[in-house]
Amino acid sequence: MENMELDKALGVATDFVVNYSFQIFGAMVILIVGWLLAGWLAKTITRLLDGRNMDPMLSRFLGGVSKVLVLIFTVILALDKFGISLGPFVAALGALTLGASFAVQGILSNYGAGLTIIMTRPFTLGHTVTMAGVRGVVEDITLASTILVTEDGEKIMIPNKHIVGEILTNSFAYSVVETSVGISYASDPETAIEAINNALKNFEDIPEEPASQVGIEAFADSSINIGVRYWAPTIKYYDLQYKVNLAVYKALKEVGVEIPYPQRDVRIIKETEGS
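Here is the structure:
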């Protein structure tokens, strides 16, 4: 009895393989070719758009969309090899989408916000932004979220729905640093300016363009204030500023420029007898 059931099962399996082997083989070929074609097309589109200096976010988004469309078309062709009608699947998908829409509102809102960011481009990769109470460099932007890297090297993922419609500060890749240092009226301001300029040139993070600016900013009561203005990578803003301040101090000290400090002369007038 068991042998008869086993023979029957083997017969059914054999008939299935004989009748549908070509369809299965054809569907597998279609899926493999479609997968390879989708990946190649996405990379090609992204590379071509990058070559035309298009925004990296938009080029990657269009490359991803092209890949998804090719994969959908590939699945449709594979199902067609088995003579499967897509009508019932479309109807079932519509009902499932309606029922699940309430559960995925957060996800859909993130995707909608991500599309808005990609199309309007309030920031792009490499920009330093402050949003949702977080400051960092934009490392990646997807439809669902934006990833920032802080000055401490931490990666923070922010859902896009918390970005669109909120206050956002974009410092771009560089920010200007403005400071001043007071020197004595007895010191030569030209010597101080030259020393500070030389100190700034020793920092690779300070770009040549826009050029740094050093000059007399004001004449104070007890000092000549030398203004210093330079650009720094926003992600290294404070770290570079502190290093430059120390370098400026050492440079002025080496050339003998005096940095004054508040002084008071107290004069005691002694009253004489009979006055």
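Heads up: the sequence shown is residues 1 to 275, going by UniProt numbering.
Glycine residues also receive a C-beta, built at the ideal position from the N, C-alpha and C atoms.
Just to confirm, are V181 and Y230 a CB contact at a threshold of 8 Å? Against a cut-off of 8 Å, the Cβ pair of Y230 and V181 comes out as no contact.
How big is the Cα-Cα spacing for L77 and F61? Cα to Cα, the separation comes out at about 25 Å.
Check for me: the beta strand (DSSP E) holding T128 runs from which residue to which? 128 to 131
When DSSP builds the beta bridges, which residues end up paired with G182? N225
Residues near Q213 by beta carbon distance below 8 Å, same chain, minus five either side: G227, V228, R229, Y230
Let me confirm a value: G165 is counted as buried when at least 16 other C-beta atoms fall within 10 Å, else exposed. Which label applies? By the Cβ-count criterion, G165 is exposed, with fewer than 16 other Cβ atoms from all chains shown falling within 10 Å of its own Cβ.
What residue range is occupied by the uninterrupted alpha helix (DSSP H) comprising N198? 189 to 201
With DSSP run on the structure shown, which of helix, strand or coil describes I259? The three-state secondary structure of I259, taken from DSSP, is coil.
CB of I156 within 8 Å of CB of G136, strictly: yes
Helix, strand or coil at T116 according to DSSP, with G and I counted as helix: helix
Helix or strand or just coil, what does DSSP make of A211? coil
How many whole angstroms separate the CB atoms of I183 and E258, which I take to be in contact at a CB cut-off of 8 Å? Correct: roughly 7 Å between the Cβ atoms.
Tell me the residue span of the alpha helix (DSSP H) that contains V248. 237 to 254
If the criterion is Cβ atoms closer than 8 Å, does the pair G112 and T142 meet it? no
For residue 276, which of T120, E151, T116 has the nearest alpha-carbon? In the structure as shown, the chain begins at 1 and stops at 275. Residue 276 is therefore absent and cannot be evaluated.
I need the boundaries of the beta strand (DSSP E) containing N170, first residue and last residue. 169 to 172
Suppose you measure from the CA of A195 to the CA of T124; what does that come to, to the nearest Å? Approximately 37 Å, taken between the alpha carbons.
Segment limits, beta strand (DSSP E) that includes V164: Premise fails: V164 is in no beta strand (DSSP E) and is neither H nor E.
Inter-residue spacing [alpha-carbon to alpha-carbon] between N170 and L200: Rounded to whole angstroms, the gap between the alpha carbons of N170 and L200 is 25 Å.
Going by the CB atoms, is the gap between S145 and N160 shorter than 8 Å? yes
Looking only at its own chain, which residues have a Cβ that is under 6 Å from the Cβ of L71, when we skip the five neighbours before and after it? A38
Under a three-way DSSP split, which group does T44 fall into? helix
Using only the heavy atoms of the ligand COA, determine whether one of them is closer than 7 Å to the beta carbon of D188. The ligand content of the structure shown is nil, which means the ligand COA is not present either.
According to the neighbour-count rule (16 or more other Cβ atoms, all chains shown, within 10 Å of its Cβ), is V29 buried or exposed? exposed
Within 10 angstroms of the Cβ of K67, are there 16 or more other Cβ atoms? Answer buried if so, exposed if not. buried
Using a 10 Å radius around the Cβ and a threshold of 16 neighbouring Cβ atoms, would you call I224 buried or exposed? buried
Using the Cα positions of G26 and W40, report the straight-line distance between them to the nearest angstrom. 21 Å
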